[in-house]
Amino acid sequence: MTAHLIDGNDLSRKIRAEVAHRTAALKARGVEPKLHIILVGEDPASQVYTKHKVKDSTETGLQATLETCPADLSEGALLDRIRALNADPLVHGILVQLPLPKHMDTQKVIETISPAKDVDGFHVASAGALMVGQPGFWPCTPYGCMKMLESIGYDLRGKHAVVIGRSNIVGKPMALMLLQKNATVTICHSATADLAALTRQADVIVAAVGKRNVLTADMVKPGAVVIDVGMNRNDEGKLCGDVDFDGVRQVAGWITPVPGGVGPMTRAMLLVNTLEAAERANA
Ligand code: NAP
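Under this note's numbering, the very last position in the sequence shown is 301; numbers go up by exactly one each time.
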């Protein structure tokens, strides 16, 4: 068997087109959906990511501002800036690019963002809303993974989903989203005793670890859906995921590639969240 590919580039293009369409409708009502991004310091990867976020936004008709601040900005000054943006009715989404410099308390910074503008979905109120099944902003990466499952018409009811990784931004919200769709969910982590014994039982596997070849063909049930969130570099410096793609695709039913899988979906879901923030503010 060779697995079907879930093409994140293709799906994200469709989602962006939908965002562009809804953005145009909002603009026709006089609302300009706007994302405000704050970048503190000069981390090269963060500079690239924030540029992409601005480009993605403007391409879909959303307004986006990138505010850069020096690495030695005080935490108090950043919090004051966020509070000012919270109070600005023309700003719908606020995103503080992570990681922040070490002298800042990341959680405190995130908690200062208004939950109504928390388009990254990292605020404790957003996490709580997901937990109890109320409307809120879902973190973009697991949200994108759910869209990938939806795109293949996969019914999660009664299926066993195994999530490898338990971070607050990927693994835990992923597990809650799968649970909300009536999957039976197992969460694995670095202290899981026999990972392969669990993944072999899974109908759906989401790998979100950050280590190459965490999931190999012998760990996958034939026909399973495999979603690879990981972003790593192989020996040649090429981007790769957590999954041994060439091996696992011989066993799985569906698989996401890296690159061209979850990455573009994460970018697309930020646009969806920003648009939704503007729609909700103007409902
Ligand atoms: P993280 O915070 O470092 O979490 C990694 C998780 O993997 C932890 O829960 C850890 O367990 C677990 N883990 C580590 N080694 C393991 C092992 N051998 N077996 C089972 N579990 C193990 O990372 P993250 O932020 O969730 O990100 C995970 C990966 O996804 C990274 O490669 C990141 O770059 C990538 N990512 C990609 C996107 C995208 O858009 N494509 C977005 C976000 C993240 P413990 O909790 O026990 O330490």
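From the three backbone atoms N, C-alpha and C, an ideal C-beta is built for every residue, glycine too. Owing to the predicted nature of the structure, the values given are computational and were not obtained by experimental measurement.
Legend entry - The beta strand (DSSP E) enclosing isoleucine 55, as first and last residue numbers: Working through the sequence shown from its first residue, we reach residue 55 at position 37. Per DSSP, isoleucine 55 belongs to the beta strand (DSSP E) from 52–58.
Legend entry - Touch test, the stretch 273–292 against the stretch 237–255, Cβ-Cβ under 8 angstroms, three pairs minimum: Using a C-beta cut-off of 8 angstroms, the stretch 273–292 makes contact with the stretch 237–255, since at least three inter-stretch Cβ pairs fall below that distance.
Inset, instruction - Give me the Cα-Cα distance between alanine 89 and methionine 237, rounded to the nearest whole angstrom. - result: Sequence index remark: in the sequence shown, residue 89 carries index 71 (1-based). Sequence index remark: in the sequence shown, residue 237 carries index 219 (1-based). Whole-angstrom Cα-Cα distance: 44 angstroms.
Inset, instruction - Verify whether the separation of the beta carbon atoms of asparagine 291 and valine 49 is less than 9 angstroms. - result: Position 273 of the sequence shown, counted from the start, is the residue given in the question as residue 291. Position 31 of the sequence shown, counted from the start, is the residue given in the question as residue 49. No, these two residues do not count as a Cβ contact at 9 angstroms.
Inset, instruction - Using the DSSP secondary-structure output, state which residues sit across from valine 198 in a beta bridge. - result: Locating residue 198 in the sequence shown gives position 180, where the first residue counts as 1. A small fix is needed here, since residue 198 is glutamine in this sequence, not valine. According to DSSP, which records beta bridges pairwise, glutamine 198 is partnered with nothing at all.
Legend entry - Classification of glutamate 168 by the beta-carbon crowding that lies within 10 angstroms, buried from 16 upward: On the sequence shown, position 150 is the one that residue 168 refers to. The residue is exposed, with fewer than 16 neighbouring Cβ atoms inside 10 Å.
Legend entry - Length at least 3, wholly inside the stretch 117–188: the beta strand (DSSP E) runs in chain order: 178–182
Legend entry - Three-state class that DSSP yields for glycine 241 in the structure shown: Sequence index remark: in the sequence shown, residue 241 carries index 223 (1-based). Three-state DSSP puts glycine 241 in coil, outside helix and strand.
Inset, instruction - Would you mind reading off the limits of the beta strand (DSSP E) that contains alanine 226? - result: Along the sequence shown, one-based indexing puts residue 226 at 208. Careful: alanine 226 lies outside any beta strand (DSSP E) and carries neither H nor E.
Legend entry - Contacting residues, own chain, Cβ-Cβ under 6 angstroms from aspartate 136 (five flanking each side not counted): On the sequence shown, position 118 is the one that residue 136 refers to. Only Ser144, Phe155 meet the Cβ criterion.
Inset, instruction - Decide if the stretch 30–44 is in contact with the stretch 59–68; the criterion is three or more beta carbon pairs, one per stretch, under 8 angstroms apart. - result: no
Legend entry - contact_flag[the stretch 170–182, the stretch 120–134] where n(CB pairs < 8 angstroms) is 3 or more: Touching, no, given that fewer than three Cβ pairs across the two stretches are closer than 8 angstroms.
Inset, instruction - Could you tell me which uninterrupted beta strand (DSSP E) segments, each at least 3 residues in length, are contained entirely in the stretch 69–95, listed from first to last along the chain? - result: 81–87
Inset, instruction - Starting from the C-beta of proline 240, find all residues in its chain whose C-beta is less than 7 angstroms away, skip the five residues before and the five after it, and write them out in chain order. - result: On the sequence shown, residue 240 is found 222 positions in, with the first residue counted as 1. The answer, listed in chain order, is Met19, Val269.
Legend entry - valine 66 CB to nearest heavy atom of the ligand NAP below 8 angstroms: As a working note, residue 66 is residue 48 in the sequence shown. The answer is no for valine 66.
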